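In order, the protein sequences belong to chains A and B. Going from the first sequence to the working numbering is simple: count from 1 and add 1. Going from the second sequence to the working numbering is simple: count from 1 and add 4. For glycine and all other residues, C-beta sits at the position ideal for the given N, C-alpha and C. From a predicted model like this one, the values you see are computed outputs, not experimental measurements. Shown next, in structure tokens, is the structure this report addresses.
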Amino acid sequence: MEKMIEAVNVSYIYQTKYQKTKALSEVSCSFERGKVYAITGKSGSGKSTLLSLLAGLDVPTEGTLTVEGEDMRRMNRDAYRLNRASVIYQAFHLFPLLTVMENVMFPMELQHVPAKEAKARAQEYLAKVGLPETLYKKMPGMISGGEQQRVAIARAIAAGGEILLADEPTGNLDSQNEKVIVDLLCRLAHEDNYAVIVVTHNEAVAAAADVVYGMTDGALSVVRG
Amino acid sequence: MAAIRSSLTRLVRTPVKTALFFLLLSFTVALVCVGGSLWKLSRDNLKRFEEIFMTIGTVEQTPERMEQRAVWYANLEDFRYFNRAVYGETISPDVLDFEGAGYLSGPEQRAYYEALPQDYAFWEMEGGLRQFMVVEASPVEDCVPAGPVKMELKRVLYSTYPPNVVYFNLCDHNTKDPQPLYADKTYVMALQDGIAHDWEENGSAATFEYEPLEGPFSTQADSEGKRMPSDLTGNWIAEVTPGFYESKEGQAWLKLCEDCVLRGSKHYTFPVTATEDLNLVMAFYNKQAYLLEGELFSEEDYKQGNRVCLVSAAFARANGFKVGDPLHLALRYANYAATPNIGGGEGRLKADGGIYEPFEESDYTIKGIYDVGVGTMEGGWGYLLERNEVFIPTASIKNSNENNIALYGPMKGYTTAFRIPNGSESIDHYIRLWEAQGVDHVEITFYDGGYSKLEAGLKNMQTMSSVLLMTGIVSAVCIVIFFCHLFVTKQRKQTAIERCLGMTKGQCARSLLAGVLVIALAGSAAGGFAGQFFAGHAAAQMASAETFDTRFSNGEVQFNAEKSEEEMLAESEDGNGAVRSAYLTETDWRMSVVCGGLAFLFTVGLALSGICRNLKEEPLKLLAEAE
């Protein structure tokens with residue numbers, strides 16, 4: 002299968018006024034559509050930094066990171082995040098003052114999708130993540146953590162991208178909701194052909210992944226391929 | 005648009021926070037506007053009053069003691085007693101020249117000059133021209149003129165009009181034991197038409213008599229004001245012996261007559277007052293004298309000594325003068341001791357017995373015609389103007405008057421004045437410095453037309469408005485900082501989410517700024533309007549609490565001591581009797597615009613600064629921290 006994202010000898014150095022910290026060290030890896038990738042490792046091992054680079058929030062200090070052959074340094078990374086890659090978080094990070102429906106519609110509004118169409122598509126995505134219609138007009142704070150994460154996933158896929166990046170997506174969920182979310186992510190990869198990359202400590206999540214990378218002190222290795 | 009819409013949606017969904025920010029911002033902006041507007045208004049009012057009012061000080065040398073003077077009245081055969089001020093050494097106005105006095109004009113001890121009458125017509129005194137004459141006469145029989153004695157007129161040396169009599173009655177009215185007169189002798193004497201000796205008993209049927217006037221004498225002073233020694237005694241009578249008119253005494257009598265001739269048929273010279281500032285003349289200061297036509301002197305007239313003059317309406321009417329006409333002034337001598345309205349006191353001859361020839365003679369241009377309101381002035385006759393009095397700038401007299409000072413005397417409130425900046429602080433400062441000079445027997449009285457009282461009120465208002473302004477500014481800054489923190493800095497997480505969702509930095513900035521802009525604009529505008537309203541209301545309250553009618557100050561209403569204030573107002577040109585406040589009450593709407601605008605810009609600036617800081621944060625790291 003064609004490589005969706007490819008990192009070659011990627012290093013990343015956090016530079017402050019007083020010190021330099023090498024967060025990633027010559028990481029090479031690739032991600033394909035239709036697969037779930039898990040990146041595991043201890044806190045501070047560089048998982049989130051890698052995710053940040055994959056999301057186009059920054060560029061590698063050294064090495065190259067390409068998306069479908071296009072160098073991340075030369076691409077419009079705002080457009081990349083808007084149209085191709087979405088991130089979901091452990092703490093869901095929904096807009097607390099927008100309704101469930103408005104949260105999901107938000108990326109589409111940024112893409113200038115007409116309101117009617119955006120609404121219809123939002124309903125479709127919310128249905129896809131299994132959220133009852135009665136919750137559409139609720140504020141995020143009024144629904145459970147599992148429901149919020151499903152809304153976050155619906156918002157992520159609403160942009161119509163093909164890369165789904167998840168940073169500890171089940172960290173705040175009970176085991177029942179954890180399973181629902183993991184199933185949902187797997188379904189998005191296997192049925193809808195998303196490249197799903199999950200940073201996690203959770204062994205169950207890692208177990209559900211197609212490929213597992215391990216990170217230690219900024220270095221990446223294949224645990225299960 | 006999506007970013008802005010969601011920003012506004014969020015605003016609507018936090019109504020308490022939004023309303024609180026709006027209300028507090030409006031309130032503080034209103035405070036700033038009220039404070040600013042009132043501060044500006046009080047400053048403008050002070051500036052306006054500064055132009056309307058002026059502060060002058062009049063200076064008076066106080067007597068060392070009072071003395072009772074007995075004057076014999078022949079008709080009463082008794083003395084009448086009068087109090088007379090006895091001054092010590094005349095104090096020079098130079099004592100007023102001390103460092104830090106800060107004069108705007110003066111100090112000046114004004115002189116008035118006797119000007120030759122030329123052929124001008126003058127307003128004449130009621131009762132017509134008095135008779136003044138210098139004659140040679142002999143008593144019909146030996147006598148003592150303690151009462152009316154019959155005299156035979158031998159020769160008229162000078163008379164304001166012909167006596168047309170051979171015999172006349174004479175009484176040395178104010179001398180208890182007058183010297184005897186002998187029928188075989190001829191006397192030269194200065195006489196004026198006097199009262200009838202038996203007026204009280206016989207009324208209009210009383211016998212008309214002449215009484216003595218001073219003979220030749222001199223009060224000439226040198227340039228330092230010291231009286232010059234003179235042999236002239238001032239005796240009203242002298243025996244005419246052969247060769248008398250060749251003697252020094254006889255020559256003096258002839259010079260006295262020469263002086264009379266110079267005064268012309270009406271025996272009058274008109275007074276010309278020289279001043280550095282008309283406002284130092286009390287009648288002009290308190291607007292009893294006011295401009296009828298033309299202009300007052302300009303600063304340049306005073307500085308350059310332009311030959312321009314102001315004439316009285318009475319004098320102008322008598323001669324048909326118009327503004328711009330020339331007036332020939334031949335100044336003979338100066339009198340520093342009195343004003344023309346009191347006049348006199350000076351000897352007519354110089355210390356050496358000569359007459360005062362004009363020392364300055366030139367054509368002046370009439371720049372303005374003034375008139376004088378009816379009535380007396382506080383302070384007495386000295387402060388009133390003479391009906392034919394002419395004013396000229398002091399510097400227009402190019403020649404020195406040092407040899408033509410006919411009388412010098414102590415500083416009087418009506419001759420000596422200065423002007424200092426307005427305000428109680430200025431007066432207090434002056435008084436402190438003056439007291440430090442340690443000069444005795446000089447009294448200074450300040451006139452400010454009520455400025456100090458108005459100034460105190462306005463300064464209170466300015467202080468209060470400053471407090472309001474500062475409170476408003478501090479409150480506005482605190483509130484804006486607090487709410488920018490809530491609406492911007494605390495929204496770092498939202499910015500991070502938006503960045504992760506693919507919003508550009510510009511979109512994120514607009515998203516945050518839109519809400520703040522809306523509230524800041526609404527709050528600043530509402531505050532500005534409210535501030536303008538309340539400032540106007542407060543200003544109106546202030547004006548209604550204290551009124552001051554400028555029509556008296558600017559001469560629109562003619563002063564008349566014999567009429568009530570209402571009557572004077574009713575007679576004025578627009579005399580509807582309504583009192584107009586001198587206070588400016590119109591608040592400047594631009595102040596509200598500026599205050600509101602600054603509050604808005606400050607809010608936007610602070611928000612932008614917060615937004616920039618937000619955008620510098622690395623989104624994923626920030627969101628990870630949030631977890």
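Sequence-distant residues of the same chain with beta carbon closer than 6 Å to residue i, five excluded per side
| i | result |
| --- | --- |
| residue 26/A | 12, 219, 220 |
| residue 411/B | 223, 339, 341, 349, 350 |
| residue 109/A | 119, 159 |
Distance, residue j Cα to residue i Cα
| i | j | result |
| --- | --- | --- |
| residue 152/B | residue 163/B | 21 Å |
| residue 1/B | residue 110/B | Residue coverage of chain B in this structure runs from 5 to 631, which leaves residue 1/B outside it and unanswerable. |
| residue 224/A | residue 508/B | 36 Å |
| residue 21/A | residue 59/A | 16 Å |
| residue 77/A | residue 41/B | 52 Å |
| residue 174/A | residue 516/B | 31 Å |
| residue 9/A | residue 28/A | 6 Å |
| residue 487/B | residue 178/A | 38 Å |
| residue 86/B | residue 197/B | 23 Å |
| residue 79/B | residue 181/B | 13 Å |
| residue 171/A | residue 95/A | 15 Å |
| residue 76/B | residue 148/B | 15 Å |
| residue 254/B | residue 247/B | 8 Å |
| residue 96/B | residue 318/B | 34 Å |
| residue 216/B | residue 343/B | 25 Å |
| residue 502/B | residue 200/A | 21 Å |
| residue 289/B | residue 177/B | 41 Å |
| residue 463/B | residue 397/B | 36 Å |
Element boundaries [alpha helix (DSSP H), containing residue i]
| i | result |
| --- | --- |
| residue 613/B | 593 to 620 |
| residue 476/B | 455 to 491 |
| residue 53/B | 19 to 56 |
| residue 105/A | 101 to 111 |
| residue 206/A | 204 to 209 |
Three-state class that DSSP yields for residue i in the structure shown
| i | result |
| --- | --- |
| residue 332/B | strand |
| residue 529/B | helix |
| residue 508/B | coil |
| residue 112/B | strand |
| residue 423/B | strand |
| residue 390/B | coil |
| residue 254/B | helix |
| residue 176/A | helix |
| residue 544/B | helix |
| residue 296/B | strand |
| residue 158/A | helix |
| residue 311/B | coil |
| residue 241/B | strand |
| residue 23/A | strand |
| residue 95/B | coil |
| residue 151/A | helix |
N-terminal and C-terminal residue of the beta strand (DSSP E) that residue i is part of
| i | result |
| --- | --- |
| residue 168/A | 164 to 168 |
| residue 214/A | 212 to 217 |
| residue 42/A | 37 to 42 |
| residue 302/B | Element bounds for residue 302/B: n/a, residue is neither H nor E. |
| residue 90/A | 86 to 90 |
Close beta carbons around residue i, own chain, < 7 Å, minus the five adjacent residues each side
| i | result |
| --- | --- |
| residue 159/B | 139, 140 |
| residue 92/A | 173 |
| residue 591/B | 41, 45, 536, 539, 540, 543 |
| residue 27/B | none |
Spatial neighbours of residue i in its chain, beta-carbon cut-off 8 Å, leaving aside the 5 residues before and after
| i | result |
| --- | --- |
| residue 171/B | 144, 154, 155, 156, 157 |
| residue 97/A | 140, 141, 142 |
| residue 211/A | 36, 37, 38, 190 |
| residue 16/B | 22 |
| residue 238/B | 218, 219, 220, 221, 351 |
| residue 428/B | 456, 459, 460 |
| residue 283/B | 58, 60, 109, 289, 423 |
| residue 130/B | Here residue 130/B scores only 48 on pLDDT, less than 50, and its place in the model should not be relied on; the value that follows carries that caveat. Around residue 130/B: no qualifying Cβ. |
| residue 200/B | 206, 210, 211, 212, 213 |
**OP:** Tell me the start and end of each unbroken alpha helix (DSSP H) in the segment 316 to 365 of chain B that is at least 4 residues and wholly inside, in chain order.
**Re:** DSSP runs (the alpha helix (DSSP H)) wholly in the segment 316 to 365 of chain B: 317 to 323.
**OP:** Let me know the beta strand (DSSP E) ranges lying completely inside the segment 173 to 203 of chain B, each 3 residues or longer, listed in chain order.
**Re:** Counting whole runs of 3 or more residues, the segment 173 to 203 of chain B contains the beta strand (DSSP E) stretches 191 to 197.
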